[in-house]
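Protein chains in written order, with my numbering: chain A, 3 to 373; chain B, 3 to 373. From the three backbone atoms N, C-alpha and C, an ideal C-beta is built for every residue, glycine too. It should be emphasised that the depicted structure is a prediction, and the values quoted were computed from it without experimental measurement.
Protein chains: 2
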Amino acid sequence: MTSKDSKTTSDRIVTRPDLKELARHLGLSQTTVSRVLSGSAKNHRISSETEQRVLAAAAKLNYKANVLARSLRSKRSKTVGVMVPEISEGYSTAVLGGIEEVLLLSGFFYFVVSHRHRTDLLREYPSLLLSRAVDGIIAVDSTIEEDLPIPVVAVSDHHHRPSVVNIELDHLLAARYALDHLTRLQHREIAFIKGQSFSSDTLARWRAICKVAAELGIEINPRLVIQLEDHGLGTEPGRTATIALLERDVRFTAIFAFNDLAAIGAITVLREAGIQVPAQVSVVGFDDILSAATNNPPLTTVRQPLQEMGRVAASTLLQMIHTEKQDWSTHPIRLLPTFVERQSTAWAPQASEAAFSDSAHPHKESNLQGN
Amino acid sequence: MTSKDSKTTSDRIVTRPDLKELARHLGLSQTTVSRVLSGSAKNHRISSETEQRVLAAAAKLNYKANVLARSLRSKRSKTVGVMVPEISEGYSTAVLGGIEEVLLLSGFFYFVVSHRHRTDLLREYPSLLLSRAVDGIIAVDSTIEEDLPIPVVAVSDHHHRPSVVNIELDHLLAARYALDHLTRLQHREIAFIKGQSFSSDTLARWRAICKVAAELGIEINPRLVIQLEDHGLGTEPGRTATIALLERDVRFTAIFAFNDLAAIGAITVLREAGIQVPAQVSVVGFDDILSAATNNPPLTTVRQPLQEMGRVAASTLLQMIHTEKQDWSTHPIRLLPTFVERQSTAWAPQASEAAFSDSAHPHKESNLQGN
DNA sequence: CTGAAAGCGCTTACAG
DNA sequence: CTGAAAGCGCTTACAG
């Protein structure tokens, strides 16, 4: 026993033997003990009696292999890196929840790094993770530019490349849910809040909207399309966009927002402008974050299966890690959204009662300024 | 150059030399190169010319030390473990954001593990993190039972022990903010929603409330005290508790909830019961999560500086790691809450003023007198 | 069925 | 100012 270390402040401190000590204790070679403990006993036809003895001793002496040493030698660290834009943000953490669930069941640990849309960090992190010997990387809403010598799974990225497997939402179905819903409620003048330029989903989702709008015969008025600014936190970008939208003074009866945060921001701005939701303007969100249900009015929204996307990302990555294959130019794995109908949408108002009828102009600018 | 590996699918794959190759390339020993690269050049009086050459070559050849090998040898991994109850939950991720900010600036990476209040995981994780050779652990709202041979910082734990430094909120100040606010608004019949039994903060916060209530002469009616159930997600526990509270049929004019989620749940239940917030019942939350501001009505709440608590936790842990000291029986580090007054609180309803024979107006006492 | 020895890629006494 | 050699704690050819 190595017991010359640490002035024990409590006898509950765990003393751990290393492999050498364990082997000596058992009167076996490190090789044999290692084989049993790393689960390759079968391949070496180790007698089950020996196997049992080793297992029992390991448990009794509380042996835990030094993962560093094991990884260094075996070239597999059972560690993956997860890149997210922002750790303290609902989207990433929902995905992270799913990732963790799968990873930890397989004995994998993960490093989280968040780049906050800083391009220098986006460039550096894959390299830093590599020097930490991760077996693979999951990029959540983050684009990795260089090809890496390890498997990569991207959640909601849309740069298809051979070395990366993409997990994406079925954007067409998502757009169909929302636009079909609004169309049935007789909305024709629909405003769109596009996502931030840095979000991987922005373009794909917008393309899907355009395509579905064409199918449904909805005309998209460019003056009713506005994009979230890159800066600002929480509901702020949605507020800013909606204020700008109102200033254009073009009539609309519904808004399809890029995400719930933007939808919630939009609703607060509309309310401040004296416009009722959903009586005068309907609002559809995206994601179904927690606040969507508790918002007033509760948000009608397209739900992304974020946890599920995380789970699929993780299990796909594990598969890739456990295989020799090099080329992963498969089709993206596409998950399905669901539609959650709550109270932020309603029938399109009659022209006379609409917020933008000529009589009732929405310009209550005093409320909108100064924020 | 080791270039026999990997059928390069793209020439952008990063080839990295190891220390040996770098040393050979420079005509120097691994020892010298290692010294320069690990920053101990000064201690060994390495000529600045040599130093510059090494640095230049390392940059040019894109040398990155294998962190596994370095850690195995040096016994310091520049990695910490962070234990949280739940990854996809606002409280933990806010703290995590602060932790990350500090850690990554120092070149530290972190593993996240979430135990979801499972006692088996709570017991195992410290050990598993240890076998991953972490230099220290931050436990967020999680109690670590055994003494560990590495530094530990606990955010919002209240088991004071020598080997652990605690980061906590000033619960007395928090209670004072809330109760003082309600008292001034003439509330006397206040209901309290206590936290889940598994939350480290539940007891400390409740004690502070009792103490401050005594100071302010507020009587706590046991029939107006209810505790959040351990199961249920989001606003569900708050809803359940409030429903049970209403069933007791004891009059109250205000609720002080354990957290914002519970407060939001309470408000939805009150609304469904036809009780107006804040006209008939005022509600005060705790935490100031994102939804607090966007809720309807926007929540009056005690804000915890969660990011800051994370930052302090991380920098404290780094200090502990970089020192030899063994005994950390310091006082806990106490951070200050702030009070955010929004629209979920208002004057106690008229009926209650009539019921109590006192004056119609609250005493405008100066801020937070006493301590 | 089991073991002795080499080696993963670094850092660190020890030596000069 | 610089280097040769040992060693961190494992796994893995190689051998029998």
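Taking only three categories from DSSP, how would you classify Ala259/B?
Here Ala259/B sits in strand by DSSP.
Using the Cα positions of Leu248/A and Val283/A, report the straight-line distance between them to the nearest angstrom.
Between Leu248/A and Val283/A, the C-alpha separation is close to 12 Å.
Under 7 Å, do Val304/A and Tyr179/A count as touching if we go by C-beta distance?
Taking 7 Å as the Cβ cut-off, Val304/A and Tyr179/A qualify as a contacting pair.
Give a yes or no on whether the minimum CB-CB distance between Phe110/A and chain B is below 7 Å.
No - not a single Cβ of chain B is within 7 Å of the one on Phe110/A.
Among the residues of its own chain, which have a CB less than 7 Å from the CB of Arg118/A, if the five just before and after it don't count?
So the list reads Pro87, Glu88, once near-sequence residues are dropped.
Gly83/A: which of Ser133/A, Glu148/A, Thr325/A, His183/A sits nearest, CA to CA?
Residue Ser133/A is the option with its Cα nearest to Gly83/A.
Going by CA-CA distance only, name the one from Gly197/A, Arg37/A, Ala216/A, Ser49/A that's closest to Ala259/A.
Residue Gly197/A is the option with its Cα nearest to Ala259/A.
Just to confirm, is the Cβ distance from Ile291/A to Gly99/A under 7 Å?
No. Outside cutoff.
Whose Cβ in chain A lies nearer than 7 Å to the Cβ of Ile266/B?
The contacting residues are Thr296.
Could you tell me whether any Cβ in chain B is nearer than 7 Å to the Cβ of Thr4/A?
Here Thr4/A scores only 38 on pLDDT, less than 50, and its place in the model should not be relied on; the value that follows carries that caveat. Output row for Thr4/A: interface = no.
Does any residue of chain A have a CB that is nearer than 7 Å to the CB of Asp20/B?
Closer than 7 Å: no.
So for Gly83/B, helix, strand or coil by DSSP?
If DSSP states are grouped into helix, strand and coil, Gly83/B belongs with the strands.
Return the residue from the list Ile152/A, Ile169/A, Val142/A that minimises the CA-CA distance to His333/A.
Closest by alpha carbon: Ile169/A.
Considering Cα atoms alone, identify which of Ser165/A, His189/A, Arg47/A, Arg72/A is closest to Ala350/A.
Taking only the C-alpha atoms, the option nearest Ala350/A is His189/A.
Using the Cα positions of Thr237/A and Ala294/B, report the straight-line distance between them to the nearest angstrom.
Approximately 12 Å between the Cα atoms of the pair.
According to DSSP, is Ile266/A part of a helix, a strand, or is it coil?
DSSP places Ile266/A in helix when its eight states are reduced to three.
Between the C-alpha atoms of Ser317/A and Ala71/B, what's the straight-line distance to the nearest angstrom?
If you take the alpha carbons of Ser317/A and Ala71/B, they lie about 28 Å apart.
Helix or strand or just coil, what does DSSP make of Gln2/B?
The requested residue 2/B is not part of the displayed model; chain B covers only 3 to 373.
Does the beta carbon of Val279/A sit closer than 7 Å to a beta carbon anywhere in chain B?
Closer than 7 Å: no.
Is the CB of Ser293/A under 7 Å away from at least one CB in chain B?
Yes - at least one Cβ of chain B is within 7 Å of the one on Ser293/A.
Does Ile89/A come within less than 7 Å of chain B when only Cβ atoms are used?
So, interface residue.
What residue range is occupied by the uninterrupted beta strand (DSSP E) comprising Asp289/B?
Asp289/B -> beta strand (DSSP E) spans 284-289.
Looking at Ile101/A and Gly276/A, is the spacing between their C-beta atoms short of 7 Å?
Not closer than 7 Å, so no.
What did DSSP end up calling Lys196/A once you bin it into helix, strand or coil?
If DSSP states are grouped into helix, strand and coil, Lys196/A belongs with the strands.
Bridge partners of Ala141/A, per DSSP?
Answer is Met85/A, Ala156/A.
Taking any Cβ of chain A, which residues in the segment 219-242 of chain B have a Cβ under 7 Å from it, in chain order?
Answer in chain order: Gly236, Thr237.
Looking only at its own chain, which residues have a Cβ that is under 6 Å from the Cβ of Ala67/A, when we skip the five neighbours before and after it?
Hits under 6 Å: none found.
Please confirm whether Ala135/A has its beta-carbon closer than 7 Å to some beta-carbon of chain B.
True, the Cβ-Cβ gap to chain B drops below 7 Å.
Please report whether the beta-carbon of Leu2/A lies at a distance below 7 Å from any beta-carbon of chain B.
Outside the modelled stretch of chain A, which goes from 3 to 373, sits residue 2/A, for which no answer is possible.
Is the beta carbon of Gly287/B sitting closer than 7 Å to the one on Ala265/B?
Yes, they are a contact pair.
Which same chain residues, not among the five before or five after Lys213/B, have their C-beta less than 8 Å away from its C-beta?
Here the set comprises Leu174, Ala177.
When you compare each of Pro153/A, Thr34/A, Leu107/A to His46/A by their alpha carbons, which one comes out closest?
Selected option, being the one with the closest Cα: Thr34/A.
Does DSSP put Val214/B in a helix, a strand or coil?
Val214/B: helix per DSSP, three-state reduction.
Checking the sheet assignment: what are the DSSP bridge partners for Asn168/A?
According to DSSP, which records beta bridges pairwise, Asn168/A is partnered with Ala156/A.
In the DSSP assignment, what are the bridge partners of Ile228/B?
Paired residues: Ile195/B.
Closest to Val342/B by C-alpha separation, out of Leu320/B, Ala348/B, Thr302/B, Phe111/B, would be which residue?
For Val342/B, the nearest C-alpha among the options comes from Thr302/B.
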